[in-house]
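Comments concern the structure below.
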Amino acid sequence: EAGVAQSPRYKIIEKRQSVAFWCNPISGHATLYWYQQILGQGPKLLIQFQNNGVVDDSQLPKDRFSAERLKGVDSTLKIQPAKLEDSAVYLCASSLPVQTQYFGPGTRLLVL
Amino acid sequence: GIQVEQSPPDLILQEGANSTLRCNFSDSVNNLQWFHQNPWGQLINLFYIPSGTKQNGRLSATTVATERYSLLYISSSQTTDSGVYFCAVGDTNAGKSTFGDGTTLTVKP
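Protein chains in written order, with the working numbering: chain A, 1253 to 1364; chain B, 20 to 128.
Shown next as structure tokens:
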């Protein structure tokens, strides 16, 4: 069974630029999560989808971050414009409803 | 939202030693997971354990939901056990997932 796929694996941009991350969950997993992990901290949930609907986005900085999950399968997270403090690892996970979460390898973002 | 506290924050062991990691949470949860984050950053799920006890080889976990804590036991530790161990809980009402700040385990040969 294929795991959660993410791309790109690494990205370096300058502040005020835009960036997008892509996630393809495990087949059949209705729930998809995007997390931000800053060095030395635990992952922080940015947004949680159930199929293509948003379950929780209370910690998503909506003035600059956006996410979509068209057709309830893969998802894209966008940052526009990026700030220095957005430097982090962006993790995508998927699960069956209220079950074990499986994580992708993450995208390491550096904002200069 | 739910608060998740993990202890200790750091733990250094000699190979072969046993350890217990703790996760306290502030409210009722409908799910709880333990993860190991390896040195390359990959999060690997160890246990899905909203209540009860589970064992997998040298690792076992116990969650006492009524008292709002979970324990992860590592026996006969190996250097490959090094990394950060996270506890994550799911909010009963909204399903929102919250992670603790982790326990960094270093196992020395």
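Where is the CB? At the ideal position from N, CA and C, for every residue including glycine.
When the five nearest sequence neighbours on each side are left out, the beta carbons in the same chain lying within less than 6 Å of the beta carbon of residue 1295 of chain A are those of 1287, 1289 and 1343, in order along the chain.
Between residue 68 of chain B and residue 85 of chain B, the CB-CB gap reaches or exceeds 8 Å. Check the Cα spacing between residue 1362 of chain A and each of A:1350, A:1341 and A:1254: the tightest is with A:1341.
Cα atoms of residue 118 of chain B and residue 1282 of chain A: separation of roughly 21 Å, rounded to the nearest angstrom.
Taking a cut-off of 8 Å for Cβ pairs, the stretch 1270 to 1281 of chain A and the stretch 1309 to 1329 of chain A touch, as three or more such pairs fall below it.
The DSSP-derived three-state label of residue 102 of chain B is strand.
At a beta-carbon threshold of 9 Å, the residues of chain A lying near residue 60 of chain B are 1289, 1341, 1343, 1357, 1358 and 1360, ordered along the chain. Contacts with chain A at 8 Å (Cβ-Cβ) include residue 118 of chain B.
Ranked by Cα distance from residue 1304 of chain A, the options A:1292, A:1259, A:1270 and A:1321 are led by A:1321. Its chain contains 1271, 1334, 1361, 1362, 1363 and 1364 as the residues whose beta carbon lies nearer than 8 Å to that of residue 1265 of chain A, once the 5 sequence neighbours on both sides are disregarded; these appear in chain order. Counted as a single uninterrupted DSSP element, the beta strand (DSSP E) harbouring residue 73 of chain B occupies residues 71 to 75. Here the stretch 40 to 51 of chain B lies against the stretch 93 to 109 of chain B, with 3 or more beta-carbon pairs under 8 Å apart.
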